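All the letters of the sequence shown, read from the start, carry residue numbers 1 to 378 under full-length UniProt numbering. Where a beta carbon is used, it is the ideal one built from N, C-alpha and C, also for glycine. Predicted, not measured: the structure shown is a model, and the values here were computed from it. For reference, the structure is listed below as structure tokens.
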Amino acid sequence: MSEIAPIPLSQLTTLRVGAAPERMIDAHTRDELVAALRDVWSDDGEWMVLGGGSNLLMGDEPFPGTVVRILTRGFEVVGGAREGRVRLRVEAGQNWDELVAWTVANGLAGIEAMSGIPGTSGAAPIQNVGAYGQEIVQTLVEVDLIDASTGEVSTVPAADLALGPRTSVLKRHYGSVPEREAVILSLTLELEQVGTGERPIRDARLRSALGVAEDAAVSLAWIRDHVLAIRASKGMVLDDPDADTHSAGSFFQNPILPESVARTLPDECPRWPVEPDLDPVVVIPLESYDGALPRVVSTRADVKVPAAWLIEHSGIEKGFRLPRSRAGVSTKHALALTNRGGATGGEVAELARFIRSRVAAEFGIVLQPEPVLVGVEL
């Protein structure tokens, strides 16, 4: 590991805000990363890790602690995959889209719909990254991580991470601490070997997003190209000259509401059923077990509604700005808050607070931020 002169976080985050921290360490290998974290934790001071900086809103005051930059890169094929599949172990600092491009070129399916998502691979399991019907939970096998409380490295199965809609036990949600304070060192994915030729798209959500008929056949490369085009049209692919891409992606989570609450929204508000939990823990006393399992009955009736729809229908249009603010809603997508040039973290937070208040006043729903907020409050 190497301690470097602190770099302003406005140069290292996609929202382009944040002062230089008190201290900064670069970790280029797994051993350096482990050593750096153990060293930082031994001092019991404030700390944070930084990957691609694409899901982060920093405050304007210098971070009063150590920032550890995860610069580990690379991935390799490992054993243990099921027939017709390949397992890849990916270092946490590996650029995510470069990984996706490699899998597509090599005919491995499972993450192609997540093309163009900025950031590093280690961040993917933390919030169960997903797009157009694919989520990391569908291909994640396990992660290697280091626990902040003990400094111990362990391999944790994906099933133990409680991966849900943009969440996991590792996610630092706004206003709360993660259930498990740990840093991902690497992740293992299992992808399907489908080749580079054309084949039908099984997922209806992806077919709908791409405008593809149920019986149409396309290649992984075709899917990637079209997903990138869709994301670019929404300002969700990093492009330095385009201020709409100077964002943290989707700033607010799509709310998941009880069906009874969703019914109070206007009929034209889109809503998608949330799949019920069909794998609950059922405890049957041994003395009463007769060889039959009780029928599983799900009582969940939740639906997801689009935050972008709520924002626009609360009176906030694409391109909206508060007076004299250099932060604004993207001109292409109402869910992205952008730095139009020289905005501060405070200006982005002010805009986010205003949007939350408008949606709450109009629909009675409090939107939750998706990025990690450090040194700033909504």
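With distances taken Cα to Cα, identify the nearest neighbour of V104 among L220, M236, R324, A301.
Measuring from the Cα of V104, the nearest candidate turns out to be L220.
Please tell me whether S149 and E181 are closer than 8 Å, where the distance is taken between their beta carbons.
Result yes, Cβ atoms of S149 and E181 sit closer than 8 Å.
Just confirm the distance between the C-beta atoms of V143 and V129, as a whole number of angstroms; I'd bet it's less than 8 Å.
Actually they are not in contact, since the Cβ atoms of V143 and V129 sit about 13 Å apart, beyond 8 Å.
Which residue wins for smallest C-alpha separation from V237, given the options A204, S208, L206, M114?
Taking only the C-alpha atoms, the option nearest V237 is M114.
Between the region 26-37 and the region 337-351, can you find at least three pairs of beta-carbon atoms closer than 8 Å?
As far as the Cβ criterion goes, the region 337-351 does not touch the region 26-37, which means the pair count is below three.
Suppose you measure from the CA of A213 to the CA of I201; what does that come to, to the nearest Å?
So the two alpha carbons sit approximately 9 Å from each other.
Over what stretch of residues does the beta strand (DSSP E) that includes T155 continue unbroken?
153-157 is the span of the beta strand (DSSP E), which, as asked, contains T155.
Should R263 be labelled buried (16 or more other beta-carbon atoms within 10 Å of its own) or exposed?
R263 is exposed by the Cβ-count criterion.
Would you mind working out which of E91, Q94, E152, L56 sits nearest Q127, comparing C-alpha positions?
Comparing Cα positions, the closest option is L56.
Is G342 closer than 8 Å to G59 when the C-beta atoms are compared?
Taking 8 Å as the Cβ cut-off, G59 and G342 do not qualify as a contacting pair.
Apart from the five residues on each side of it in sequence, which residues of its chain come closer than 6 Å, Cβ to Cβ, to A308?
Closer than 6 Å at the Cβ level, and outside the excluded window around A308, lie A334, L335.
For S54, name the three-state secondary structure that DSSP assigns.
Correct three-state label for S54: coil.
How is V143 classed by DSSP in three states: helix, strand or coil?
Of the three classes helix, strand and coil, the one that applies to V143 here is strand, per DSSP.
From what residue to what residue does the alpha helix (DSSP H) around L12 run?
Here L12 belongs to no alpha helix (DSSP H), and DSSP marks it neither H nor E.
Taking 6 Å as the limit between beta carbons, can you name the residues of its chain near V153, skipping five residues before and five after?
Taken in chain order, the residues that qualify are I146.
Just to confirm before moving on: does the CB-CB distance between T120 and Q94 stay below 8 Å?
Yes. Within cutoff.
Nearest-angstrom Cα distance between A92 and S186?
Roughly 5 Å separates the two Cα atoms.
When DSSP labels each residue in this structure, what does V137 get in the three-state scheme?
Helix, per DSSP.
Distance, Cα to Cα, L71 vs S330?
One C-alpha to the other measures close to 30 Å.
Could you check what DSSP says for I316 in three-state terms: helix, strand or coil?
Of the three classes helix, strand and coil, the one that applies to I316 here is coil, per DSSP.
Determine the DSSP secondary structure at L278, reduced to helix, strand or coil.
Interpretation of L278 is limited by its pLDDT of 49, a score under 50 that renders its predicted location unreliable; the figure taken from the coordinates is listed afterwards. Residue state, collapsed to three classes: coil.
Can you list, in chain order, the residues of its chain whose CB lies under 7 Å from that of residue 382, leaving out five sequence neighbours each side?
Nothing can be reported for residue 382, as the shown portion of the chain is limited to 1 through 378.
With DSSP run on the structure shown, which of helix, strand or coil describes L367?
Looking at L367 - three-state DSSP - the assignment turns out to be coil, as it is neither helix nor strand.
Buried or exposed: where does T217 fall if 16 or more other Cβ atoms within 10 Å of its Cβ makes it buried?
This sequence places Ala at residue 217; Thr is not what is there. When all chains shown are included, A217 counts as exposed.
Out of curiosity, what's the CA-to-CA distance linking R30 and G164?
So the two alpha carbons sit approximately 27 Å from each other.
For a quick check, are the C-beta atoms of L228 and G52 less than 8 Å apart?
Not a contact, by the Cβ cut-off of 8 Å.
Within a Cβ cutoff of 8 Å, which residues of the same chain sit near R205, ignoring the five residues on either side of it in sequence?
Taken in chain order, the residues that qualify are Y132, G133.
Compute the beta-carbon to beta-carbon distance between V86 and L108, rounded to the nearest angstrom, for a pair I have assumed lies under 8 Å.
About 6 Å; that satisfies the 8 Å criterion.
Looking at R340: is its Cβ nearer than 8 Å to the Cβ of A352?
Going by C-beta atoms, R340 is not nearer than 8 Å to A352.
Pick out the complete beta strand (DSSP E) segments inside the region 64-91, 3 residues or longer, and give them in chain order.
The region 64-91 contains these whole beta strand (DSSP E) runs: 66-70, 75-78, 85-91.
Which whole-angstrom value describes the C-beta separation of I7 and A20, a residue pair presumed to lie in contact below a C-beta threshold of 8 Å?
Going by Cβ atoms, the distance from I7 to A20 rounds to 6 Å, so yes, they are a contact pair.
I believe R224 touches E135 by the beta-carbon criterion, under 8 Å. Please report the beta-carbon distance rounded to the nearest angstrom.
About 17 Å separates the two Cβ atoms, so there is no contact after all.
What does a CB cutoff of less than 6 Å around V137 pick up in its chain, not counting 5 residues either side in sequence?
Same-chain partners within the cutoff: N128, L163.
Whose C-beta lies closer than 6 Å to the C-beta of S2 among residues of the same chain, with five residues either side of it excluded?
Same-chain partners within the cutoff: D26.
My assumption, with CB atoms under 8 Å, is that G151 sits in contact with W41. Please give the rounded CB distance.
That belief holds up - the Cβ atoms of G151 and W41 are roughly 6 Å apart, short of 8 Å.
Please state the DSSP three-state secondary structure of E3.
DSSP places E3 in strand when its eight states are reduced to three.
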